[in-house]
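As structure tokens, the structure follows; a few thoughts come after it.
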Amino acid sequence: MTKIFTHDDLIRYVYEETEPEENRQIKLALNEDMELLDQYHELLWLKKQMDGGMMNPSEKTINTILEYSKAVNLHPVKED
Amino acid sequence: MNNQKTMLEDSKLVSQYINGNEVAFEELVNRHKSRIFTTIYMIVKDQYVAEDLMQEVFIKAIRTLKSGRYNEEGKFLPWILRIAHNLAIDKFRKNKRYPTIVMDDGNSVFETLEFAEGTFEDIQMKKDVHKSLRKLIQELPEAQKQVLIMRHYMDMSFKEISDQTGVSINTALGRMRYALINLRKKMQQYNIAYDQNFYS
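Written out as structure tokens, the structure reads:
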């Protein structure tokens, strides 16, 4: 019999926090439960949208950071 | 050119940087700039403030790395994301009392987004969805938004979120569930397209 999975289980699965045995069982459940499959697709879609919506800082900001890094020298004390 | 096989681990880049290799630092910055910047932006909601904070975060990181105070046990990305999160939260709390006035000499908040190649319509549609989505995330109840940012943008596990926010893993997971359900509902409410082609 296929185990019943909740929305929380799916969230953990989508964010790769499930154990290998759980992964196997969730995959089985997704093959049999269309509602669960729909929920899974929705979660994947949302995740993808959030990934796609990542923003970038301006080049000016990045250049300022890189220039700062080159200019600063703090002489760290090294222990061998 | 980087790929999975040749891409150096963050920890190696950090070591190289500490030993004076600025190119290694540039690689680290380019590798993680989007995630760090988006995390900051999601909290402060203003591109100009986010740009300033991005610099502050890296100045702090550079000074820690170059002074030899960096703890090798920690991973670079979670470490710098924590710095970003803390600075952004501080700024957000201050700005709540003193709202920032956006200057008119910069680009639009959304002009710096990177999108996959496609037709003009595809790109525009994705732009619209992403823009709306970020706006809707801002409308979520604070606890839900916090977990969503920590899990999705900061890549913290539910266990780490639970430890940091002082709630159980189940509560963190529940907040994430409500955040995602609410987000989906809001998107439906505003007729934001759910297009299966986005999987491609």
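Going down the list, the protein sequences come from chains G and B. When we follow UniProt numbering, the leftmost residue of the first sequence carries the number 1, and every step to the right adds one. When we follow UniProt numbering, the leftmost residue of the second sequence carries the number 1, and every step to the right adds one. Positions of the beta carbon are idealized from the N, C-alpha and C atoms, including for glycine. Predicted model only: the values in this text are computed from it and were never measured.
Here the alpha carbons of B:Ala143 and B:Lys94 stand approximately 19 Å from one another. Annotation for G:Ile4: no alpha helix (DSSP H) segment contains it, and DSSP assigns it neither H nor E.
When secondary structure is reduced to three states using DSSP, B:Lys45 falls in the coil class, being assigned neither helix nor strand.
For G:Tyr13, no chain B residue has a C-beta closer than 7 Å to its own C-beta; the minimum C-beta separation is roughly 12 Å. Listed in chain order, the non-local C-beta contacts of B:Val147 below 7 Å within the same chain comprise Ile161, Ala172, Arg175, Met176 and Ala179, local neighbours out to five positions each way being set aside. Sequence-distant partners of G:Val14 (beyond 5 residues in either direction) whose C-beta falls short of 8 Å from its own C-beta, in its chain, are Tyr40, Leu43, Leu44 and Lys47. Using a CB distance cut-off of 8 Å, B:Thr38 counts as an interface residue toward chain G.
For B:Arg63, at least one C-beta of chain G is nearer than 8 Å to its own C-beta.
In this model, B:Leu183 and B:Arg151 are separated by some 15 Å (Cα to Cα). Using a Cβ-Cβ cut-off of 8 Å, G:Glu67 does not count as an interface residue toward chain B, since no Cβ of chain B sits closer than that to its own.
When the beta-carbon positions are compared, B:Val44 and B:Lys91 come within less than 8 Å of each other. Membership of B:His152 in any alpha helix (DSSP H) is not indicated, and neither H nor E is assigned to it by DSSP. When DSSP states are grouped into helix, strand and coil, G:Gly52 belongs to the helix group.
With 16 or more other Cβ atoms from the protein chains shown falling within 10 Å of its own Cβ, G:Pro57 counts as buried.
A contact between stretches requires three or more CB pairs, one per stretch, nearer than 8 Å, and the stretch 32-44 of chain B meets this requirement with the stretch 75-83 of chain B. A direct Cα-Cα distance of roughly 11 Å separates B:Asp46 from B:Leu53. No residue range can be given for G:Glu17, since it is assigned to no alpha helix (DSSP H) and is classified by DSSP as neither H nor E. For a cut-off of 8 Å, the C-beta gap from B:Phe158 to G:Glu17 is around 6 Å, short enough to register as a contact.
DSSP places G:Asp33 outside any alpha helix (DSSP H), giving it a letter other than H or E. Distances from the CA of G:Gln49 to each of B:Ile137, B:Ile89 and B:Gly20 were compared; the closest alpha carbon is that of B:Ile137. In this model, B:Val14 and B:Tyr153 are separated by some 21 Å (Cα to Cα). With a contact defined as Cβ atoms closer than 8 Å, B:Lys66 and G:Leu74 qualify at about 4 Å. The beta carbons of G:Ile65 and B:Gln55 sit closer together than 8 Å. Taking 8 Å as the upper bound for CB-CB distance, B:Lys186 and B:Glu139 are in contact here, some 7 Å apart. The beta carbons of G:Gly52 and B:Lys135 sit about 15 Å from each other, so the pair does not count as a contact at 8 Å.
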